[in-house]
Amino acid sequence: MKNKNSVSTNDAPLAIGTYSQAIITRSTVYISGQIPLDSESMELVGPDIDLQVKQVMKNLGAICQNAGGSLNSVVKFTVFMTNLDHFATVNRVMQEFLQKPYPARSLVQVTALPKQADIEIDAIMEL
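Quick note: to get this note's numbering, add 16 to the position in the sequence shown (first position is 1).
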(Lines of atoms letter the chains of each structure in order from A; the text may use other names.)
(Lines give C-alpha, C1' and ligand atoms only; values in the text may rest on other atoms or scores of the structure.)
Protein backbone atom coordinates (compact mmCIF):
# COMPACT_ATOMS: atom_id res chain seq x y z
CA MET A 17 0.00 0.00 0.00
CA LYS A 18 1.45 3.35 -1.05
CA ASN A 19 -0.20 5.46 1.65
CA LYS A 20 0.95 3.41 4.65
CA ASN A 21 3.36 5.09 7.07
CA SER A 22 4.53 3.92 10.47
CA VAL A 23 4.46 6.02 13.62
CA SER A 24 7.22 5.74 16.20
CA THR A 25 7.86 7.73 19.36
CA ASN A 26 10.24 7.24 22.27
CA ASP A 27 7.48 8.59 24.56
CA ALA A 28 5.73 5.20 24.39
CA PRO A 29 7.21 1.71 24.69
CA LEU A 30 9.01 0.55 21.59
CA ALA A 31 7.44 -2.37 19.75
CA ILE A 32 8.46 -5.70 21.29
CA GLY A 33 7.56 -7.75 18.22
CA THR A 34 7.04 -7.57 14.47
CA TYR A 35 4.67 -4.61 14.51
CA SER A 36 4.68 -0.80 14.49
CA GLN A 37 3.46 1.40 17.33
CA ALA A 38 0.93 2.68 14.80
CA ILE A 39 0.21 2.82 11.08
CA ILE A 40 -1.30 5.79 9.26
CA THR A 41 -3.32 5.19 6.09
CA ARG A 42 -4.69 8.40 4.63
CA SER A 43 -6.48 9.97 7.63
CA THR A 44 -6.87 6.85 9.79
CA VAL A 45 -4.36 5.81 12.44
CA TYR A 46 -4.32 2.21 13.67
CA ILE A 47 -2.58 2.06 17.05
CA SER A 48 -1.17 -1.26 18.22
CA GLY A 49 -2.22 -2.60 21.59
CA GLN A 50 -0.44 -0.91 24.46
CA ILE A 51 0.33 -2.62 27.73
CA PRO A 52 1.38 -0.74 30.89
CA LEU A 53 5.09 -0.53 30.18
CA ASP A 54 7.20 2.43 31.18
CA SER A 55 8.72 3.76 27.95
CA GLU A 56 12.18 4.20 29.47
CA SER A 57 12.62 0.98 31.45
CA MET A 58 10.31 -1.18 29.28
CA GLU A 59 9.11 -2.70 32.57
CA LEU A 60 5.54 -3.13 33.80
CA VAL A 61 4.55 -0.19 36.04
CA GLY A 62 3.37 -2.57 38.76
CA PRO A 63 0.41 -4.73 39.74
CA ASP A 64 -2.00 -1.89 40.63
CA ILE A 65 -4.74 -1.77 37.97
CA ASP A 66 -5.24 1.99 38.41
CA LEU A 67 -1.57 2.64 37.59
CA GLN A 68 -1.67 0.13 34.74
CA VAL A 69 -4.64 1.81 33.04
CA LYS A 70 -3.09 5.27 33.49
CA GLN A 71 0.17 4.09 31.91
CA VAL A 72 -1.66 2.50 28.97
CA MET A 73 -3.59 5.73 28.37
CA LYS A 74 -0.36 7.78 28.59
CA ASN A 75 1.29 5.45 26.08
CA LEU A 76 -1.68 5.69 23.72
CA GLY A 77 -1.75 9.48 24.14
CA ALA A 78 1.94 9.77 23.21
CA ILE A 79 1.39 7.76 20.04
CA CYS A 80 -1.74 9.76 19.16
CA GLN A 81 0.17 13.01 19.60
CA ASN A 82 3.10 11.79 17.51
CA ALA A 83 0.64 10.85 14.75
CA GLY A 84 -0.92 14.34 14.81
CA GLY A 85 -3.97 13.79 17.01
CA SER A 86 -4.92 13.20 20.62
CA LEU A 87 -6.81 10.68 22.70
CA ASN A 88 -9.95 12.65 21.90
CA SER A 89 -9.36 11.92 18.19
CA VAL A 90 -9.81 8.20 18.87
CA VAL A 91 -12.99 6.76 17.36
CA LYS A 92 -12.65 3.20 18.72
CA PHE A 93 -10.86 1.47 21.58
CA THR A 94 -10.55 -2.26 22.06
CA VAL A 95 -9.78 -3.17 25.67
CA PHE A 96 -8.35 -6.55 26.68
CA MET A 97 -8.50 -7.37 30.40
CA THR A 98 -7.49 -10.41 32.42
CA ASN A 99 -10.04 -9.67 35.19
CA LEU A 100 -13.47 -8.14 34.59
CA ASP A 101 -13.63 -7.18 38.28
CA HIS A 102 -11.51 -4.17 37.21
CA PHE A 103 -14.21 -2.91 34.80
CA ALA A 104 -15.26 0.06 37.00
CA THR A 105 -11.64 1.13 37.52
CA VAL A 106 -10.95 1.01 33.79
CA ASN A 107 -14.02 3.16 33.10
CA ARG A 108 -13.08 5.70 35.78
CA VAL A 109 -9.48 6.07 34.63
CA MET A 110 -10.37 6.26 30.93
CA GLN A 111 -12.88 9.00 31.81
CA GLU A 112 -10.01 11.04 33.30
CA PHE A 113 -8.29 11.05 29.89
CA LEU A 114 -11.27 11.47 27.54
CA GLN A 115 -13.91 14.05 26.70
CA LYS A 116 -17.45 13.46 25.48
CA PRO A 117 -18.55 12.23 23.07
CA TYR A 118 -16.67 9.10 24.06
CA PRO A 119 -15.41 6.81 21.29
CA ALA A 120 -16.87 3.42 20.50
CA ARG A 121 -15.36 0.63 22.57
CA SER A 122 -15.19 -3.13 22.82
CA LEU A 123 -13.98 -4.86 25.96
CA VAL A 124 -13.09 -8.53 26.25
CA GLN A 125 -11.66 -10.72 28.97
CA VAL A 126 -8.57 -12.73 28.04
CA THR A 127 -6.61 -15.44 29.83
CA ALA A 128 -3.23 -13.69 29.70
CA LEU A 129 -1.41 -10.69 28.23
CA PRO A 130 2.28 -10.07 27.44
CA LYS A 131 4.61 -9.49 30.39
CA GLN A 132 1.79 -10.49 32.78
CA ALA A 133 -0.05 -7.20 32.24
CA ASP A 134 -3.67 -6.98 33.39
CA ILE A 135 -4.78 -4.69 30.55
CA GLU A 136 -4.02 -3.92 26.92
CA ILE A 137 -5.78 -1.32 24.77
CA ASP A 138 -5.55 -0.68 21.05
CA ALA A 139 -7.15 2.20 19.20
CA ILE A 140 -8.28 3.59 15.88
CA MET A 141 -7.93 7.35 15.44
CA GLU A 142 -9.13 9.73 12.73
CA LEU A 143 -7.02 12.77 11.87
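Ideal Cβ positions, reconstructed from N, Cα and C, are used throughout, including at glycine.
Where arginine 42 is concerned, there is no enclosing alpha helix (DSSP H), because DSSP gives it neither an H nor an E.
If you ignore the 5 residues before and after isoleucine 65, its C-beta comes within less than 6 angstroms of the C-beta of His102, Thr105 and Asp134, all in its own chain and listed in chain order. Between the stretch 119-129 and the stretch 71-85 there are fewer than three C-beta pairs closer than 8 angstroms, too few to call the two in contact. Counting the other CB atoms within 10 Å of its CB gives asparagine 75 a total of 16 or more, which places it among the buried residues. Distance from the Cα of leucine 100 is smallest, within the candidate group Ser122, Glu112, Val91 and Tyr118, for Ser122. Residue nearest to alanine 139 within the set Phe96, Ser57, Ser48 and Pro52 is Ser48 (criterion: CA-CA distance). In the structure shown, the three-state DSSP call for alanine 139 is strand. When the beta-carbon positions are compared, proline 119 and valine 90 come within less than 8 angstroms of each other.
The residue from Phe93, Pro29 and Ile79 with its alpha-carbon nearest to that of glutamine 111 is Phe93. Unbroken alpha helix (DSSP H) runs of no fewer than 4 residues, entirely contained in the stretch 87-126, are found at 103-113, following chain order. Here the alpha carbons of lysine 20 and valine 45 stand approximately 10 angstroms from one another. In the DSSP assignment, lysine 20 falls within the unbroken beta strand (DSSP E) covering 20-23.
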